[in-house]
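Have a look at the structure below before the remarks.
Residue numbers (mature numbering (1 follows the signal peptide of the UniProt record, and there is no 0)): -18 to -1, 1 to 125.
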């Protein structure tokens, strides 16, 4: 009986730590908009915190979860400067996880979408195993 209790407890603990929270599809539209990186965490445990961002990301997705990500530079007066270059992105679901597939003229890569809400999202790069944390960009207003 004691062995059965111990086994059940171990199974519950393992299940709790091995299950990742699945992201509901309807929150993926929250990715539309302007985002700035907060920090990046490498697989070696090193963390880089971004206190000031001179460029931010603009993500635009359609109803099929395909679209673009552009690097833009905010300027005073709520405008943005861009080079016009854009990475094509597509969000795909595989094995209960969402992945952002990026493609530009030089390369292609994937990032696992770890979390998404109205004001934050995080991803993990498949190649570098770096985790990126973003927050919704808030324009600076000068009065």
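Where is the CB? At the ideal position from N, CA and C, for every residue including glycine.
Using alpha carbons as the reference points, say which of 71, 95 and 116 lies closest to residue 102. For the purposes of this step, residue 102 is identified with residue 120 of the chain shown, where counting begins at 1. With distances taken between Cα atoms, residue 102 lies closest to 116.
Do residue 9 and residue 99 have their CB atoms nearer than 8 Å? For the purposes of this step, residue 9 is taken as residue 27 along the chain shown, with counting starting at 1. For the purposes of this step, residue 99 is taken as residue 117 along the chain shown, with counting starting at 1. Yes, these two residues count as a Cβ contact at 8 Å.
So, residue 76 versus residue 83, is the Cβ gap smaller than 8 Å? Here residue 76 corresponds to residue number 94 of the chain shown, with the count starting at 1. Here residue 83 corresponds to residue number 101 of the chain shown, with the count starting at 1. For residue 76 and residue 83, no; Cβs fall outside 8 Å.
Give me the Cβ distance between residue 108 and residue 91, rounded to the nearest whole Å; I'm assuming they're in contact under 8 Å. Within the chain shown, numbered from 1, the residue matching residue 108 stands at position 126. Within the chain shown, numbered from 1, the residue matching residue 91 stands at position 109. In this structure residue 108 touches residue 91 by the C-beta definition: roughly 7 Å separates them, less than 8 Å.
Going by other Cβ atoms of all chains shown within 10 Å of its Cβ, with 16 needed for buried, is residue 122 buried or exposed? Within the chain shown, residue 122 is the residue found at index 140, counting from 1. Exposed, since its Cβ has fewer than 16 Cβ neighbours within 10 Å.
Given residue 30, which residues of its chain have a CB within under 7 Å of its CB, disregarding the five upstream and five downstream residues? Position 48 of the chain shown, counting from 1, holds the residue named residue 30. Within the same chain, Cβ atoms closer than 7 Å to the Cβ of residue 30 are found at 21 and 22, the five residues on either side in sequence being excluded.
Leaving out the 5 sequence neighbours to the left and right, which residues in its chain are closer than 6 Å to residue 25 when beta-carbon positions are compared? Counting from one through the chain shown, the residue named residue 25 turns up at place 43. Closer than 6 Å at Cβ, skipping near neighbours: 111.
Candidates 12, 68 and 5, of which the one nearest residue 87 by Cα: Residue mapping note: residue 87 aligns to position 105 of the chain shown, counting from 1. Looking only at 12, 68 and 5, the smallest Cα-Cα distance to residue 87 is reached by 68.
Thinking just about the alpha-carbon of each residue, which of 55, 120 and 80 is nearest to the one in residue 11? What you label residue 11 is simply residue 29 of the chain shown in a count that begins at 1. The residue with the shortest Cα to Cα distance from residue 11 is 80.
Within 10 angstroms of its Cβ, does residue 13 collect 16 or more other Cβ (buried), or is it exposed? Residue 13 sits at position 31 when you count from the first residue of the chain shown. With 16 or more other Cβ atoms from the protein chains shown falling within 10 Å of its own Cβ, residue 13 counts as buried.
For residue 82: DSSP bridge partner residues: On the chain shown, residue 82 is found 100 positions in, with the first residue counted as 1. Paired residues: 73 and 93.
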